[in-house]
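Following: one structure in structure tokens, then a few remarks.
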Amino acid sequence: MAGKPVRPVNAIDQTRRMLSLVTYLKERPGARVEDVARAFGISEDELVSDLDVLPMCGTSFRGGDLLDIDTDGERIWWHNPDDVAEPLRIAADEATALLVAARAVATLPGLRESDRQALLRATAKVEAASGEAAGASARLSVTFEAEGGVFADVDRAISERRRLWIRYYSPARDEVTEREIDPIRLVSVGHTYVEAWCRRSEARRTFRLDRVAEIKILDEPSAPPEVELRDLSEGLVQPAAEDPEVVVEVGPGGRWVAEYYPHDSADELADGGLRITLRTPDPASLRRLALRLGRDGRIVSPPELADSARQAAREALAAYDGVGGQESHGTRVVQERQGDRQEQGL
201 MAGKPVRPVN
211 AIDQTRRMLS
221 LVTYLKERPG
231 ARVEDVARAF
241 GISEDELVSD
251 LDVLPMCGTS
261 FRGGDLLDID
271 TDGERIWWHN
281 PDDVAEPLRI
291 AADEATALLV
301 AARAVATLPG
311 LRESDRQALL
321 RATAKVEAAS
331 GEAAGASARL
341 SVTFEAEGGV
351 FADVDRAISE
361 RRRLWIRYYS
371 PARDEVTERE
381 IDPIRLVSVG
391 HTYVEAWCRR
401 SEARRTFRLD
411 RVAEIKILDE
421 PSAPPEVELR
431 DLSEGLVQPA
441 AEDPEVVVEV
451 GPGGRWVAEY
461 YPHDSADELA
471 DGGLRITLRT
481 PDPASLRRLA
491 LRLGRDGRIV
501 SPPELADSAR
511 QAAREALAAY
521 DGVGGQESHG
531 TRVVQERQGD
541 RQEQGL
């Protein structure tokens with residue numbers, strides 16, 4: 201079952217499934233992986249992914265209160281079901297945090313009404329049991345950043361199978377574009393992304409939620425082609441074998457490129473640097489990498505890309521300090537946060 205096309209699943213549906221999975225496993229100690237996957241209508245890979253998350257769940261963050269669930273690849277074992285099933289007791293500060301969070305989530309735009317009502321009913325029960333803590337929580341409020349609203353709209357669009365219109369900023373091209381997309385799933389790899397079928401490019405694309413400047417849920421139905429969902433455990437960017445090859449040489453200060461960019465090879469150079477061969481569907485996006493590296497690296501091939509990178513460096517230097525005609529890449533031109541290196545031009 202591991203390789204079959206997977207239907208879109210949103211975060212709320214996955215949460216429901218995992219809650220049901222806990223009950224299922226409690227009643228079936230030593231259940232076989234293939235039987236559980238079949239019962240829930242998911243692939244074995246999806247089931248194992250859920251099992252990787254469950255040990256981080258429980259009634260508190262203390263070790264004995266977390267779900268002690270593991271698998272040997274064939275069977276699933278839950279070692280502490282009786283301990284976790286004990287009546288839950290929470291302190292006043294925990295009750296306050298829970299109530300504030302629940303009320304905040306209930307205000308999210310795009311939340312399905314049935315889920316909102318279920319959350320409000322659960323909140324009312326916690327309030328009734330919390331005594332004075334309920335009064336304290338009523339004096340606190342939380343406002344979500346813009347990404348929260350985008351997340352809710354995307355999640356709702358996936359659930360209702362509707363198309364989205366977005367205005368999206370692409371740092372690789374430094375431009376904002378308008379697109380209609382058929383959302384497939386939400387993923388989290390450092391940041392939160394929506395994987396979707398882009399009607400503009402007629403291809404699968406991944407969009408980072410905090411780069412969505414505007415979003416609307418359309419009346420048109422979402423109808424992405426059946427695609428096999430990628431395994432993102434190796435990272436968000438996974439070049440294909442047919443993508444163009446690019447060779448980059450970096451000095452000791454640029455060795456980080458081999459850590460953050462998927463590559464075919466990384467050969468040591470005499471000066472302590474690396475000669476890195478990588479593939480990318482958009483070689484032009486690596487001009488940004490060349491500017492970021494400055495004196496710590498250069499594009500070797502293809503020749504036209506190397507020439508383009510040098511020209512971009514000259515123009516950037518001229519714009520920066522009014523001095524043109526210089527061959528240096530100019531480390532002063534682009535000094536970006538090291539954390540941005542992981543973005544890889546997405």
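Quick note, the numbering used here runs 200 ahead of the 1-based positions in the sequence shown.
Beta carbons: idealized from backbone N, C-alpha and C, even for Gly.
| query | Among 331, 306, 500, which one has its Cα closest to the Cα of residue 321? | reply | Start at 1 with the first residue of the sequence shown, and residue 321 comes out as number 121. Nearest C-alpha to residue 321: 306.
| message | Check for me: the beta strand (DSSP E) holding residue 474 runs from which residue to which? | response | Translated into positions along the sequence shown, residue 474 becomes position 274. First-last of the beta strand (DSSP E) with residue 474: 474 to 479.
| said: Rounded to the nearest angstrom, what separates residue 270 and residue 367 at their Cα positions? | reply: As a first step, residue 270 must be located in the sequence shown, where it is residue number 70. As a first step, residue 367 must be located in the sequence shown, where it is residue number 167. Spanning the two alpha carbons is a distance of roughly 43 Å.
| said: Counting beta carbon pairs with one atom in the region 411 to 425 and one in the region 441 to 453, are three or more of them shorter than 8 Å? | reply: No: fewer than three Cβ pairs fall under 8 Å.
| Burial state of residue 470 (16 or more Cβ within 10 Å) | The sequence position of residue 470 within the sequence shown is 270, counting from 1. Exposed, since its Cβ has fewer than 16 Cβ neighbours within 10 Å.
| If we call anything under 8 Å between Cβ atoms a contact, is residue 298 one with residue 326? | Residue numbering aside, residue 298 sits at position 98 when the sequence shown is read from its first letter. Residue numbering aside, residue 326 sits at position 126 when the sequence shown is read from its first letter. In contact: residue 298 and residue 326 (Cβ atoms closer than 8 Å).
| said: Please classify residue 253 as buried or exposed, where buried requires at least 16 other C-beta atoms within 10 Å of its C-beta. | reply: Taking the first residue of the sequence shown as 1, we reach residue 253 at position 53. With fewer than 16 other Cβ atoms within 10 Å, it is exposed.
| field | Between the CA atoms of residue 461 and residue 489 - distance to the nearest angstrom | value | Taking the first residue of the sequence shown as position 1, residue 489 is located at position 289. Taking the first residue of the sequence shown as position 1, residue 461 is located at position 261. Their backbone Cα atoms lie some 11 Å apart in a straight line.
| Can residue 219 and residue 278 be called in contact, C-beta distance under 8 Å? | Sequence index remark: in the sequence shown, residue 219 carries index 19 (1-based). Sequence index remark: in the sequence shown, residue 278 carries index 78 (1-based). Result no, Cβ atoms of residue 219 and residue 278 do not sit closer than 8 Å.
| Which residue's Cα is closest to the Cα of residue 480: 323, 491, 505? | Along the sequence shown, one-based indexing puts residue 480 at 280. The residue with the shortest Cα to Cα distance from residue 480 is 505.
| query | Excluding sequence positions up to five away, which residues of its chain have a Cβ less than 8 Å from the Cβ of residue 474? | reply | Your numbering for residue 474 matches position 274 in the sequence shown. Within its own chain, the residues whose Cβ lies closer than 8 Å to the Cβ of residue 474, once the five positions on either side in sequence are excluded, are 449, 450, 454, 455, 457, 458, 466, 467, 468, listed in chain order.
| message | Does the distance between the C-beta of residue 446 and the nearest non-hydrogen atom of the ligand NAD fall short of 7 Å? | response | As far as ligands go, the structure on display features none, and thus does not contain the ligand NAD.
| In or out: residue 215 buried (at least 16 other Cβ within 10 Å) or exposed? | Here residue 215 corresponds to residue number 15 of the sequence shown, with the count starting at 1. When all chains shown are included, residue 215 counts as exposed.
| message | Please classify residue 255 as buried or exposed, where buried requires at least 16 other C-beta atoms within 10 Å of its C-beta. | response | Along the sequence shown, read from residue 1 onward, the residue named residue 255 stands at position 55. The residue in question, residue 255, is exposed, as its Cβ has fewer than 16 Cβ neighbours within 10 Å.
| task | Would you mind working out which of 362, 276, 258, 266 sits nearest residue 248, comparing C-alpha positions? | result | Translated into the one-based positions of the sequence shown, residue 248 becomes position 48. For residue 248, the nearest C-alpha among the options comes from 276.
| query | By DSSP, does residue 330 sit in helix, in strand, or in coil? | reply | Against the sequence shown, residue 330 aligns to sequence position 130. Residue state, collapsed to three classes: helix.
| message | Please identify the residue among 394, 491, 379, 295 whose C-alpha is closest to the C-alpha of residue 385. | response | Taking the first residue of the sequence shown as 1, we reach residue 385 at position 185. Of the candidates 394, 491, 379, 295, the one whose C-alpha sits nearest the C-alpha of residue 385 is 394.
| query | Nearest CA to the CA of residue 330: which residue from 300, 354, 356, 352? | reply | Numbered from its first residue, the sequence shown carries residue 330 at position 130. Ranking the options by Cα distance to residue 330, first place goes to 300.
| query | In three-state DSSP terms, what is residue 375? | reply | Counting from 1 along the sequence shown, the entry for residue 375 is found at position 175. Residue 375: strand per DSSP, three-state reduction.
| To the nearest angstrom, how far is it from the Cα of residue 362 to the Cα of residue 355? | Residue numbering aside, residue 362 sits at position 162 when the sequence shown is read from its first letter. Residue numbering aside, residue 355 sits at position 155 when the sequence shown is read from its first letter. Rounded to whole angstroms, residue 362 to residue 355 spans 10 Å at the Cα level.
| request: Could you check what DSSP says for residue 219 in three-state terms: helix, strand or coil? | output: Looking up residue 219 in the sequence shown gives position 19. Correct three-state label for residue 219: helix.
| said: Less than 7 Å between C-beta atoms, sequence neighbours within five positions excluded: which residues of the same chain meet that for residue 377? | reply: Position 177 of the sequence shown, counting from 1, holds the residue named residue 377. Here the set comprises 368, 370.
| Simplified DSSP state of residue 349, which is helix, strand or coil | In the sequence shown, counting from the first residue as 1, residue 349 sits at position 149. Three-state result, residue 349: helix.
| field | Residue closest to residue 426, alpha-carbon to alpha-carbon, out of 464, 403, 392 | value | Translated into the one-based positions of the sequence shown, residue 426 becomes position 226. Closest by alpha carbon: 403.
| request: Out of 512, 383, 515, point me to the one whose CA is closest to residue 429's CA. | output: Start at 1 with the first residue of the sequence shown, and residue 429 comes out as number 229. Comparing Cα positions, the closest option is 383.
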